[in-house]
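Asker:
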């Protein structure tokens with residue numbers, strides 16, 4: 046079995062693909078179609094430039110409701126010596142937009158006239174006066190929109206390759222057109238492959254993978270202006286995939302074969318491309334996503350009136366993050382090119398890297414980060430690197446691209462973030478680093494509705510204190526018991542954060558206890574049970590408040606860590622501990638009741654603890670915390686937190702202490 | 046006739062409208078609908094938060110193709126003392142994504158194993174080996190994606206009000222959902238009114254206005270997530286507009302009545318709203334757009350199952366710029382609110398104002414500007430203020446908002462631009478200020494295809510020199526004849542731009558002459574004819590090269606300016622002069638042959654002139670000009686310019702002089 050593929054550098058892969066596409070006549074606009082302006086083709090790309098065929102206005106138009114006049118005839122009118130002009134002889138009434146009568150070269154706005162009856166009396170209610178009186182002269186062309194003021198026939202209105210916005214449709218109509226020539230939408234077939242794939246909605250068994258990559262890819266292609274076709278999943282069978290690919294080639298410009306692009310026993314894409322076309326690239330030195338295939342095949346449609354006889358193929362890796370980034374890196378520029386436009390660039394923000402990133406020197410590495418402004422600094426923190434962790438893309442504020450030849454970036458360096466959001470959205474962000482509490486999910490939910498944003502990074506209470514020390518966070522959630530005093534958090538803040546004023550704010554009291562399987566089959570009742578040989582424990586990471594609590598209680602009970610199976614296996618959140626128990630990886634772990642309830646597990650309450658928020662005072666004074674402070678008093682929010690099992694919201698929002 | 050309306054400040058109008066909508070139950074989400082993930086609802090707004098109902102992965106999954114193993118059994122394996130493990134007994138083959146077998150707690154990637162036959166011989170081609178040999182120990186959970194690595198059941202996946210992106214659909218599927226609850230799209234009726242309106246495509250007579258506002262408004266509403274209905278234009282008849290409004294109220298949440306919102310003789314909207322509902326606001330102190338109407342009416346649908354019994358009405362002013370900005374200011378926030386989201390904020394850029402803006406102190410003033418970086422400064426230049434000039438919105442890079450209470454902003458001030466484009470797009474902009482040449486339209490067209498951008502401001506040759514002096518432009522197009530020497534441009538550059546190195550680059554030689562009506566009915570042959578009393582001339586503005594040329598030639602011929610009818614009427618471009626002749630406003634003007642041809646006019650050639658580009662050397666050295674320099678050598682571009690009547694491209698791209 047051939048288990049190797051040759052990663053080539055990204056730029057080389059792109060160039061090779063582009064050269065082959067050029068040779069095949071597939072490196073330009075695919076064609077165009079006429080779309081009536083009535084069809085509101087917003088977002089479509091202009092296939093050619095739009096030149097004005099008519100001026101706008103297409104006649105001299107009155108710019109006001111008033112009276113058309115020969116400007117020269119108004120000479121001498123003054124407040125003290127008004128001038129009377131006979132309607133129908135010397136002046137003529139016009140509405141805004143009316144054609145300026147041929148005799149006239151100016152308009153006097155109605156507000157600047159006095160209406161006169163035939164007897165010379167003034168009458169402000171007169172709709173059709175006999176004459177008007179004016180008390181100022183009017184210069185030529187006053188209150189007239191001359192022909193061509195907006196657009197002159199023969200002018201360039203919009204260039205080819207332009208993406209249509211609402212106002213463009215108005216300008217194109219004003220310039221005398223009734224339709225646009227839009228670039229054809231590239232047609233992209235998406236073929237999911239894999240015997241293990243379960244369509245969305247099918248009940249899943251362990252080992253089944255929910256097939257959602259084709260939905261993400263189709264959505265991306267629609268966003269980029271293409272026209273996707275999702276094929277039903279094909280099992281891992283060389284001939285079935287090959288037949289589906291031939292079928293798809295009839296009426297598509299690009300075929301995406303999802304998964305099977307690596308070199309495992311059931312990875313057929315490369316050999317299929319080689320069999321029916323040209324395998325140009327197998328493996329690109331880009332991370333995540335390296336088992337990418339780039340190829341070309343002849344269109345399998347003998348009776349075709351298709352312009353292009355070739356079809357591009359991209360083998361897209363199966364991991365969701367790899368699939369989505371392969372879309373961005375390879376599909377997006379192609380779909381843009383085929384419409385005669387350029388892919389939209391992401392906005393870039395400079396930021397300080399909060400934690401170091403290690404990266405393989407051989408790859409272009411696309412690292413997802415979250416970002417927000419902390420004081421004067423824009424801070425970027427890397428998210429999970431796993432190619433399977435699609436939530437890292439969902440949570441991501443942007444990408445930091447570490448170029449090939451670099452082994453990583455140290456903490457504190459300035460990096461460019463290619464943003465998924467606007468820079469403005471990063472400004473209204475509260476960065477919480479520290480211990481996880483499930484109420485933070487609710488905070489995120491409520492803040493989003495208030496136009497603000499919570500980004501939380503769960504690295505334990507001590508991690509939160511260190512982040513505040515490094516000025517990388519706006520607040521830290523803490524539940525750190527001081528074994529000497531039995532008091533929560535104060536000692537630790539004094540120790541770690543002596544150089545600026547910190548407010549410790551109350552949040553919740555919550556029950557800590559043992560999370561066990563449903564109906565607690567091994568009858569676990571206390572920490573003493575952890576030493577039983579048939580019990581496997583799952584621990585929290587060092588620095589986590591729960592870990593400190595466990596170690597403190599074990600010490601009181603004189604139980605040695607070595608006597609507990611699984612003491613060395615660490616998870617980073619309460620929910621992750623519960624998930625480990627739920628999956629059978631462990632029999633129990635120490636955590637909060639809400640996590641047990643969330644996954645339908647049992648809970649043996651053991652201790653009460655204070656979960657509090659440490660907030661540098663400057664973020665309270667400068668308004669950063671205002672949304673959170675308001676939220677702490679929001680009745681609906683408090684009600685929902687109080688409903689969480691084992692939660693007491695009495696301390697929420699209370700002033701505990703200002704330190705030092 | 047009541048010709049007055051009362052402008053109220055924007056904030057007060059908004060608050061009054063919001064209060065009335067709140068009372069009517071129309072200030073929140075309108076409702077929601079279920080949309081299957083398969084339907085790719087990108088851009089829709091989540092009506093509620095998405096909580097995970099399933100973990101992802103939903104089982105412990107192998108992260109590699111390889112062999113599942115009990116990690117503890119690999120202890121002691123080393124390069125020099127390999128370990129052999131029997132397939133089917135001690136290890137089991139797994140593909141990436143397969144369920145980790147219950148016995149195992151780690152996976153050894155296939156690349157780190159040696160396949161053995163039953164006889165103990167190695168065989169790298171063996172698909173189903175008898176045993177594997179390993180040369181390193183494996184830690185527990187290596188190459189395993191534990192259940193919940195990505196998403197843990199019960200976690201918040203996305204908050205309510207979130208706008209769906211492609212990757213979100215993947216995460217929602219991974220979290221166990223098959224559909225989303227999306228906010229209903231607000232239904233917006235658009236009723237164009239006006240007897241003068243001509244639908245797009247109808248041949249227009251003078252006085253007809255092409256009805257495109259409804260297309261622009263519909264496109265805006267679609268972009269903001271609403272569902273627009275365009276009604277056919279209604280003539281200016283109180284009852285017909287009233288009946289159409291009642292009809293529209295049956296199945297819409299908002300009715301936009303376009304035009305008739307002012308207080309002229311045929312402006313019925315305010316009285317209609319007062320008759321069938323509540324007229325809340327008539328007139329808002331915002332420019333452009335002040336005759337805005339805000340109101341509410343009861344839904345005219347007795348058998349309705351509609352949730353809301355009220356419908357909002359907005360009277361939208363008729364000028365295209367006012368209409369589009371009224372959409373942005375009043376409709377956009379409402380459509381967002383009704384979907385439970387917030388309007389997307391435009392990115393903001395700081396810029397230096399190139400020219401002063403005068404603004405009425407009583408209004409919030411929305412000024413369209415173009416912008417680009419010149420050296421270290423981002424420069425913003427105001428565009429035409431006319432509410433009828435939709436091309437000003439098309440060309441606009443963003444808005445500068447001058448708040449009520451301010452009478453304007455002096456040149457050189459720093460302003461905030463609310464950007465229509467990304468800040469990145471402004472970076473690749475060449476700003477040309479100076480004399481207009483029709484080849485600049487082609488430059489803009491070609492640069493757009495090269496990923497660059499030309500923004501040109503046509504204020505005449507001298508204006509261009511002053512812009513370069515003030516460091517507000519990258520280049521100036523000049524055709525300034527020195528009457529002393531008969532040489533073009535050099536004298537003027539020396540005079541105006543002594544403090545930095547300027548390159549004068551050749552561009553085109555072109556014919557200047559008299560533009561007359563078709564077939565030259567008044568038989569105009571030379572400048573002497575301009576003194577004939579029956580001839581009306583149209584002039585170019587002071588500082589324009591064409592004006593200097595005219596004055597020079599008149600002096601040679603000893604013709605006094607006073608003897609020419611229309612000498613004082615000025616236009617700013619060749620095309621505008623041609624348009625004045627075409628419309629009958631003048632009999633002739635001095636200009637270039639191409640302008641005459643563009644509008645189908647006659648041309649009497651009189652003089653040759655050099656149109657050249659003055660470029661500060663630093664913009665050649667720093668690469669800003671590279672796209673333009675490339676373009677000057679582009680064969681297709683040169684061919685198209687050479688085809689323009691009266692054009693000679695011999696000098697294009699040639700080095701004339703570096704000054705001083």
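Chains as they are written, first to last, in our numbering: chain A, 46 to 705; chain B, 46 to 705.
We put the beta carbon where it would ideally sit given N, CA and C, even for glycine.
These numbers come from a predicted model, not from an experiment.
Say whether chain B places a C-beta atom closer than 8 Å to the C-beta of residue 689(A).
Answerer: Working through the first chain from its first residue, we reach residue 689(A) at position 644. For residue 689(A), the answer is no, since every Cβ of chain B falls outside 8 Å of its Cβ.
Asker: May I have the straight-line CA-CA distance separating residue 237(A) from residue 54(B), to the nearest angstrom?
Answerer: Position 192 of the first chain, counted from the start, is the residue given in the question as residue 237(A). Position 9 of the second chain, counted from the start, is the residue given in the question as residue 54(B). One C-alpha to the other measures close to 57 Å.
Asker: Would you be able to state if there are at least three C-beta pairs under 8 Å between the region 551–561 of chain B and the region 655–664 of chain B?
Answerer: yes
Asker: Among all the DSSP beta bridges, which residues are the ones paired with residue 303(B)?
Answerer: Residue mapping note: residue 303(B) aligns to position 258 of the second chain, counting from 1. Beta-bridge pairing links residue 303(B) to 237(B) and 361(B).
Asker: Which residue or residues does DSSP assign as beta-bridge partners of residue 459(A)?
Answerer: Locating residue 459(A) in the first chain gives position 414, where the first residue counts as 1. 397(A).
Asker: Just to make sure I have the definition right: I need the residues of chain A whose C-beta is within less than 7 Å of the C-beta of residue 200(B). Which are they?
Answerer: Numbered from its first residue, the second chain carries residue 200(B) at position 155. Result: 486 and 620.
Asker: Run the CB neighbour count on residue 95(A), radius 10 Å, all protein chains shown included, and call it buried at 16 or more, exposed below.
Answerer: Sequence index remark: in the first chain, residue 95(A) carries index 50 (1-based). Under this definition residue 95(A) is a buried residue.
Asker: Of the residues that make up the region 366–391 of chain A, which ones have a beta carbon closer than 7 Å to any beta carbon in chain B?
Answerer: Listed by position along the chain: 369, 387 and 390.
Asker: Near residue 44(A), what residues of its chain come up, given a Cβ to Cβ distance below 7 Å and the 5 sequence neighbours on each side ignored?
Answerer: In the structure displayed, chain A extends from 46 to 705; residue 44(A) sits before or after that span and is not available.
Asker: Does the contact criterion of 3 or more C-beta pairs under 8 Å hold for the region 617–625 of chain A versus the region 496–509 of chain A?
Answerer: The region 617–625 of chain A and the region 496–509 of chain A touch, with no fewer than 3 CB-CB distances between them shorter than 8 Å.
Asker: Please state if the CB of residue 396(B) and the CB of residue 357(B) are separated by a distance shorter than 8 Å.
Answerer: Numbered from 1 along the second chain, position 312 holds the residue referred to as residue 357(B). Numbered from 1 along the second chain, position 351 holds the residue referred to as residue 396(B). No. Outside cutoff.
Asker: Do we get a CB-CB distance below 8 Å when we pair residue 684(A) with the residues of chain B?
Answerer: Residue numbering aside, residue 684(A) sits at position 639 when the first chain is read from its first letter. No, residue 684(A) lies away from the interface with chain B (no Cβ there is under 8 Å from its Cβ).
Asker: In whole angstroms, what is the alpha-carbon distance linking residue 64(B) and residue 541(B)?
Answerer: Taking the second chain and counting its residues from 1, one reaches residue 64(B) at position 19. Taking the second chain and counting its residues from 1, one reaches residue 541(B) at position 496. In this structure, the alpha-carbon of residue 64(B) lies about 58 Å from that of residue 541(B).
Asker: Excluding sequence positions up to five away, which residues of its chain have a Cβ less than 8 Å from the Cβ of residue 678(B)?
Answerer: Walking along the second chain from the start, residue 678(B) turns up at place 633. Within the same chain, residue 678(B) has close Cβ partners 698.
Asker: Does DSSP put residue 296(B) in a helix, a strand or coil?
Answerer: Translated into positions along the second chain, residue 296(B) becomes position 251. Assignment of residue 296(B) by DSSP, reduced to helix, strand and coil, places it in the coil class.
Asker: If I follow the unbroken beta strand (DSSP E) through residue 148(B), where does it start and stop?
Answerer: In the second chain, residue 148(B) corresponds to position 103, counting from 1. Segment: none, residue 148(B) is in no beta strand (DSSP E) and carries neither H nor E.
Asker: Please state if the CB of residue 639(A) and the CB of residue 423(A) are separated by a distance shorter than 8 Å.
Answerer: By one-based count along the first chain, residue 423(A) stands at place 378. By one-based count along the first chain, residue 639(A) stands at place 594. Not in contact: residue 423(A) and residue 639(A) (Cβ atoms no closer than 8 Å).
Asker: Tell me, please, which residues DSSP counts as bridged to residue 513(A).
Answerer: Within the first chain, numbered from 1, the residue matching residue 513(A) stands at position 468. Beta-bridge pairing links residue 513(A) to no other residue.
Asker: Mapping the DSSP letters down to three states, classify residue 700(A) as helix, strand or coil.
Answerer: Your numbering for residue 700(A) matches position 655 in the first chain. Reduced to three states, the DSSP call for residue 700(A) is strand.
Asker: Around the C-beta of residue 348(A), are 16 or more other C-beta atoms found within 10 angstroms, so that it is buried, or is it exposed?
Answerer: Locating residue 348(A) in the first chain gives position 303, where the first residue counts as 1. Exposed.
Asker: Would the beta-carbon of residue 398(B) fall within 8 Å of that of residue 457(B)?
Answerer: The sequence position of residue 398(B) within the second chain is 353, counting from 1. The sequence position of residue 457(B) within the second chain is 412, counting from 1. Going by C-beta atoms, residue 398(B) is nearer than 8 Å to residue 457(B).
Asker: Using a Cβ-Cβ cut-off of less than 9 Å, give me the residues of the region 204–222 of chain B that come near chain A, in sequence order.
Answerer: Within the region 204–222 of chain B, the residues whose Cβ lies closer than 9 Å to some Cβ of chain A are 204, 205, 206, 207, 209, 210, 211, 212, 213, 214, 215, 216, 217, 218, 219, 220, 221 and 222, listed in chain order.
Asker: Counting pairs of Cβ atoms below 8 Å between the region 68–86 of chain B and the region 190–201 of chain B, do you hit three or more?
Answerer: no
Asker: So, for residue 78(A): in the same chain, excluding its five sequence neighbours on each side, which residues have a beta-carbon less than 7 Å away from its beta-carbon?
Answerer: The residue given as residue 78(A) occupies position 33 in the first chain. Hits under 7 Å: 227 and 229.
Asker: Closer than 7 Å by beta-carbon distance: list the chain B residues that pair up with residue 226(A), in chain order.
Answerer: The count along the first chain starts at 1 and reaches residue 226(A) at position 181. Near residue 226(A) there are no residues of chain B at all, since even the closest Cβ is about 14 Å away, more than 7 Å.
Asker: Helix, strand or coil for residue 126(A)? Go by DSSP, reduced to three states.
Answerer: Here residue 126(A) refers to the residue found at position 81 of the first chain. DSSP places residue 126(A) in coil when its eight states are reduced to three.
Asker: Can residue 369(B) and residue 438(B) be called in contact, C-beta distance under 8 Å?
Answerer: Along the second chain, read from residue 1 onward, the residue named residue 369(B) stands at position 324. Along the second chain, read from residue 1 onward, the residue named residue 438(B) stands at position 393. Yes, the pair counts as a contact, with Cβ atoms nearer than the cut-off.
Asker: Could you pull out every residue in the same chain whose Cβ sits closer than 7 Å to the Cβ of residue 574(A), ignoring the five residues on either side in sequence?
Answerer: Position 529 of the first chain holds residue 574(A). Cβ neighbours of residue 574(A) beyond the five flanking positions: 580.
Asker: According to the Cβ coordinates, are residue 120(B) and residue 176(B) closer than 8 Å?
Answerer: Residue mapping note: residue 120(B) aligns to position 75 of the second chain, counting from 1. Residue mapping note: residue 176(B) aligns to position 131 of the second chain, counting from 1. No, they are not a contact pair.
Asker: Using the Cβ count rule (16 or more neighbours within 10 Å means buried), how would you classify residue 674(A)?
Answerer: By 1-based counting over the first chain, the position of residue 674(A) is 629. Taking all protein chains in view, the Cβ of residue 674(A) is surrounded by fewer than 16 other Cβ atoms within 10 Å, so the residue is classified as exposed.
Asker: Identify the continuous beta strand (DSSP E) that holds residue 79(B) and give its terminal residues.
Answerer: The residue you call residue 79(B) lines up with position 34 of the second chain. Counting along the chain, the beta strand (DSSP E) containing residue 79(B) begins and ends at 77–81.
Asker: With burial defined as no fewer than 16 other Cβ atoms inside 10 Å of the residue's Cβ, what is the status of residue 231(A): buried or exposed?
Answerer: Counted from its first residue, the first chain places residue 231(A) at position 186. Burial call: buried.
Asker: Residues of chain B with a CB under 7 Å from the CB of residue 489(A): which are they?
Answerer: Stepping through the first chain from its first residue, residue 489(A) is reached at position 444. Using a Cβ-Cβ cut-off of 7 Å, residue 489(A) is close to 201 and 204 of chain B, given in chain order.
Asker: With the cut-off set at 8 Å, would you say residue 257(A) and residue 220(B) are in Cβ contact?
Answerer: Counting from one through the first chain, the residue named residue 257(A) turns up at place 212. Counting from one through the second chain, the residue named residue 220(B) turns up at place 175. Cβ distance not < 8 Å, so residue 257(A) and residue 220(B) don't count as in contact.
Asker: Could you check the C-alpha separation between residue 683(B) and residue 491(B) for me, to the nearest Å?
Answerer: The residue labelled residue 683(B) in the question sits at position 638 within the second chain. The residue labelled residue 491(B) in the question sits at position 446 within the second chain. Cα-Cα distance, rounded: 11 Å.
Asker: Suppose you measure from the CA of residue 253(A) to the CA of residue 112(B); what does that come to, to the nearest Å?
Answerer: Here residue 253(A) refers to the residue found at position 208 of the first chain. Here residue 112(B) refers to the residue found at position 67 of the second chain. So the alpha carbons of these two residues sit roughly 19 Å apart.
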